[in-house]
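Notes follow once the structure below has been shown.
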Amino acid sequence: MNPFLDLGIRHEVVNAITEMGFETPSPIQEKAIPVLLTGNDDFVGLAQTGTGKTAAFGLPLLELIDFTQKHPQALVLCPTRELCLQIAKDLEKYAKYIDNVHVVAVYGGANISDQLRQIRRGVQIVVATPGRMLDIIGRNAIDFSNVKYVVLDEADEMLNMGFQEDINNILSETPDTKKTWLFSATMPKEVRRIAQNYMTNPHELTVGTKNTGNANIEHHYYVVKARDKYAAFKRIVDFYPEIFGIVFCRTKIETQEIAEALVRDGYNADSLHGDLSQQQRDKVMKRYRDRSLQLLIATDVAARGIDVNDVTHVINFSLPDEVENYTHRSGRTARAGKTGVSLSLINGKELGKIRRIEKIIGKSFEKKLVPQASEVVEKQLLAMTEKIRNVDINEERIEPYLPSIMESMQDLSKEDIIKRFASLEFTRFLDYYQNAPDLNVDARERDSDRGERGERRDRGSRTASNGYTRLFINLGSVDEFSRGDMLGLICDAANISGKSVGKIDMKGVFTFFEVQDAEVKKVFDGFQGTEYNGRAVRVEVSGDENGGGRSRGGDGGRRRERKGGSGGSFRGDRRDSGGFRGERSGERAGRRQTSRSRY
Ligand code: AMP
Numbered sequence: 004m005n006p007f008l009d010l011g012i013r014h015e016v017v018n019a020i021t022e023m024g025f026e027t028p029s030p031i032q033e034k035a036i037p038v039l040l041t042g043n044d045d046f047v048g049l050a051q052t053g054t055g056k057t058a059a060f061g062l063p064l065l066e067l068i069d070f071t072q073k074h075p076q077a078l079v080l081c082p083t084r085e086l087c088l089q090i091a092k093d094l095e096k097y098a099k100y101i102d103n104v105h106v107v108a109v110y111g112g113a114n115i116s117d118q119l120r121q122i123r124r125g126v127q128i129v130v131a132t133p134g135r136m137l138d139i140i141g142r143n144a145i146d147f148s149n150v151k152y153v154v155l156d157e158a159d160e161m162l163n164m165g166f167q168e169d170i171n172n173i174l175s176e177t178p179d180t181k182k183t184w185l186f187s188a189t190m191p192k193e194v195r196r197i198a199q200n201y202m203t204n205p206h207e208l209t210v211g212t213k214n215t216g217n218a219n220i221e222h223h224y225y226v227v228k229a230r231d232k233y234a235a236f237k238r239i240v241d242f243y244p245e246i247f248g249i250v251f252c253r254t255k256i257e258t259q260e261i262a263e264a265l266v267r268d269g270y271n272a273d274s275l276h277g278d279l280s281q282q283q284r285d286k287v288m289k290r291y292r293d294r295s296l297q298l299l300i301a302t303d304v305a306a307r308g309i310d311v312n313d314v315t316h317v318i319n320f321s322l323p324d325e326v327e328n329y330t331h332r333s334g335r336t337a338r339a340g341k342t343g344v345s346l347s348l349i350n351g352k353e354l355g356k357i358r359r360i361e362k363i364i365g366k367s368f369e370k371k372l373v374p375q376a377s378e379v380v381e382k383q384l385l386a387m388t389e390k391i392r393n394v395d396i397n398e399e400r401i402e403p404y405l406p407s408i409m410e411s412m413q414d415l416s417k418e419d420i421i422k423r424f425a426s427l428e429f430t431r432f433l434d435y436y437q438n439a440p441d442l443n444v445d446a447r448e449r450d451s452d453r454g455e456r457g458e459r460r461d462r463g464s465r466t467a468s469n470g471y472t473r474l475f476i477n478l479g480s481v482d483e484f485s486r487g488d489m490l491g492l493i494c495d496a497a498n499i500s501g502k503s504v505g506k507i508d509m510k511g512v513f514t515f516f517e518v519q520d521a522e523v524k525k526v527f528d529g530f531q532g533t534e535y536n537g538r539a540v541r542v543e544v545s546g547d548e549n550g551g552g553r554s555r556g557g558d559g560g561r562r563r564e565r566k567g568g569s570g571g572s573f574r575g576d577r578r579d580s581g582g583f584r585g586e587r588s589g590e591r592a593g594r595r596q597t598s599r600s601r602y
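In terms of the numbering used here, the sequence shown opens at residue 4 and continues consecutively.
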């Protein structure tokens, strides 16, 4: 038996919500529906957005309202136009198979006459934002004398937005006998006061712990210098190729500046702030919902009521002035039982704020380090190869072009083609990230000074501890090197003993390895101007801001050939031997792509 039927929801509604993908009730629905269905109690539900609140009060309303009558019996008040439209739409969807259900959405910024006309035609459920509702009441255009249920949704948000008095005035228009159902993500004393003033012995329910954030949200922070903030932000975004995020800023100006910079840098981003007309706002939101935008840059106020599912990341480009707002921000991700990350870019002085937020949400933040350039490149490359692997092929459409494509590629091996496809993106990223510095504030000092918690990193630093330097080489496991092969290659090229080489950390397309400080020059010299399978070999100090691996002179024209893991050939021609084959990083930098790319 369908669990919603068990809860007391009628077949018609269960059929409609099954079509919407509701199979089992969410925790708030499971707990609230039986209580609300009695229609006898006032109710306070502490629940975050995205937990299924709308159905928790919406489904009972559909059972309790008499749809043969055409006067308002339920009023739902909510803070924003977006939420208002969403709730009205959801209620209509749940009621798809019930006859004569009339729901009206009443909100500011839209033509009032249409709304008045709908009210005149007869409605049972009014979903409204407080300002417009009062306007309509002021025109004597609605009769609330038969209202039996008032829902205050996102009560804390409504109070934050200064609707306290409007709510009082609206409630005074409704009969004393009505039942009030209040939902709120947090329970500040102002909300508590509403419960005390307007409710009698309300039934209280909490989903999750009081005042805590959604358990499915991870909270991360990154400590960066103010001047590196934008670069660090971009790097984090690049590290998550599938990101679908909302970026919070403190001011309108900041949202605009960041959105403009991102667009200039080739990202799909736009800003949402108070200066936009309703039409512009709707347009931005539509693009975001349709996923034509990958990043939505917003202020706290503008983002209120945004309820887009599947937001993977909330990014606090700036922490909110009011720490309480953090809960609202982070609640935009991890909706409907999904997981999400809320990350914050802070400077060292803002750690205190993080600690205060931790107290409010009852959860610890994890300290993260801004990814190194090489990590971002690898992540992007792997994402791209995954995309190529999973692409939908329209056989019919591509068919006519295949012969000429095949012909133009016929002299290339499968390996060559793969490399070329990968290089299309790879070169772009590598160019951008070439010489990109480590953007983490050197946290070690502060860690010990201020007792800051968090992980430490021994990689990515210019010099590894204990007399070793950590180097990067652009050969890795995709070249089918084992660690032993790599050790052999390094020793052979640099003419050093295996004892001089420390940890070898093989990655997909590159490898980090440690070499005794005294031998570093030999490694650079040894690999200078060399090739592996026709690819220039590049060695850099890991995290080197000046781009390591530059040629540092040679010691004569040795030429070596060596088998790599895959049987590829390693070629060591020196420039001064007259047989230089590899591209130097410096030369490559001079040939950056000219077309507008993501960078
Ligand atoms: P809400 O908190 O009401 O905004 O709901 C968040 C999202 O979860 C919406 O997209 C709902 O359609 C979805 N949802 C709510 N209840 C359920 C359920 N029982 N099963 C699956 N999805 C649900």
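Note that the Cβ used here is the ideal one computed from N, Cα and C, for glycine as well.
Query raised in the report: Okay, do the segment 293-302 and the segment 265-278 touch, 3+ Cβ pairs below 8 Å being the bar?
Result: yes
Query - Cut-off 7 Å between Cβ atoms - residues of its own chain near residue 442, not counting five sequence neighbours on either side - result: Hits under 7 Å: 227, 231, 234, 235, 238, 373.
Query raised in the report: Roughly how many angstroms separate the alpha carbons of residue 162 and residue 253, rounded to a whole number?
Result: CA-to-CA, the gap between residue 162 and residue 253 works out to about 20 Å.
Query - Stretch-stretch touch, CB-based, cutoff 8 Å, three pairs: the segment 142-160 with the segment 174-186 - result: yes
Query raised in the report: For residue 49 versus residue 155, is the C-beta distance shorter than 9 Å?
Result: no
**Report entry** residue 201 versus residue 77: straight-line alpha-carbon distance, rounded
**Finding:** 16 Å
Query raised in the report: Below 9 Å between beta carbons: does that hold for residue 206 and residue 369?
Result: no
Query raised in the report: Are residue 220 and residue 333 close, meaning C-beta to C-beta below 9 Å?
Result: yes
Report task. Examine the Cβ distances between the segment 18-27 and the segment 90-98 and report whether three or more of them are shorter than 8 Å. Result -> yes
Query raised in the report: Can you list, in chain order, the stretches of the alpha helix (DSSP H) that have 4 or more residues and sit fully within the segment 481-522?
Result: 486-497
Requested in this report: Tell me, please, which residues DSSP counts as bridged to residue 633.
Outcome: No answer is possible for residue 633: the residues shown for the chain start at 4 and end at 602.
Query raised in the report: If you drop the 5 nearest sequence neighbours on each side, which residues of the same chain put their C-beta closer than 8 Å to that of residue 486?
Result: 507, 509
Query - Cβ neighbour criterion (16 or more within 10 Å) applied to residue 14 - result: Exposed is the call here.
Query raised in the report: If you draw a straight line from the alpha carbon of residue 259 to that of residue 544, how long is it in whole angstroms?
Result: Take the alpha-carbon of residue 259 and the one of residue 544: they are about 37 Å apart.
Requested in this report: Pick out the complete beta strand (DSSP E) segments inside the segment 100-173, 3 residues or longer, and give them in chain order.
Outcome: 106-109, 128-131, 152-155
Query - Selection from 282, 271, 436, 533 that minimises the alpha carbon distance to residue 382 - result: 436
Report task. Could you tell me whether any non-hydrogen atom of the ligand AMP is closer than 8 Å to the CB of residue 312? Result -> At least one heavy atom of the ligand AMP falls within 8 Å of the beta-carbon of residue 312.
Query raised in the report: Exposed or buried, what is residue 394 when buried is set at 16 or more other beta-carbons lying within 10 Å of its beta-carbon?
Result: exposed
Requested in this report: Count the C-beta pairs between the segment 45-62 and the segment 186-197 that are closer than 8 Å, then say yes if the count reaches three, no if not.
Outcome: yes
Query raised in the report: residue 225: which of 247, 85, 427, 352 sits nearest, CA to CA?
Result: 352
**Report entry** Bridge partner(s) assigned by DSSP for residue 335
**Finding:** Residue 335 is not bridged to any residue.
Query - Range covered by the alpha helix (DSSP H) that runs through residue 60 - result: 56-67
Requested in this report: Drop a sphere of 10 angstroms on the beta-carbon of residue 293, count the other beta-carbons inside from all chains shown, and report buried for 16 or more, exposed for fewer.
Outcome: Exposed: under 16 other Cβ atoms inside 10 Å.
Query raised in the report: To the nearest angstrom, how far is it from the Cα of residue 106 to the Cα of residue 60?
Result: 15 Å
Query raised in the report: In its own chain, which residues sit with a C-beta less than 8 Å from the C-beta of residue 17, not counting the 5 before and 5 after it?
Result: 5, 7, 8
Requested in this report: Report yes if the C-beta of residue 358 is less than 8 Å from at least one heavy atom of the ligand AMP; otherwise report no.
Outcome: no
Query raised in the report: Do you know how far the Cα of residue 66 is from the Cα of residue 119?
Result: 26 Å
Query raised in the report: Any heavy atom of the ligand AMP closer than 8 Å to the CB of residue 23?
Result: Of the heavy atoms belonging to the ligand AMP, at least one sits nearer than 8 Å to the Cβ of residue 23.
Query raised in the report: If we count the other Cβ atoms within 10 Å of its Cβ and call it buried at 16 or more, is residue 378 buried or exposed?
Result: By the neighbour-count definition (other C-beta atoms within 10 Å, threshold 16), residue 378 is a buried residue.
Query raised in the report: So residue 46 is in the beta strand (DSSP E); what residue range does that whole segment cover?
Result: 46-49
Requested in this report: Identify every residue that forms a DSSP beta bridge with residue 224.
Outcome: Answer by DSSP bridge pairing, in chain order: 347, 370.
Query raised in the report: From residue 55 to residue 32, what distance separates their C-alpha atoms?
Result: 7 Å
**Report entry** Whole-Å CB distance - residue 30 paired with residue 11, under 8 Å assumed
**Finding:** Actually they are not in contact, since the Cβ atoms of residue 30 and residue 11 sit about 17 Å apart, beyond 8 Å.
Query raised in the report: What residue from 111, 151, 74 has the CA that sits closest to residue 41's CA?
Result: Taking only the C-alpha atoms, the option nearest residue 41 is 151.
Query raised in the report: For residue 529, which of helix, strand or coil comes out of DSSP?
Result: helix
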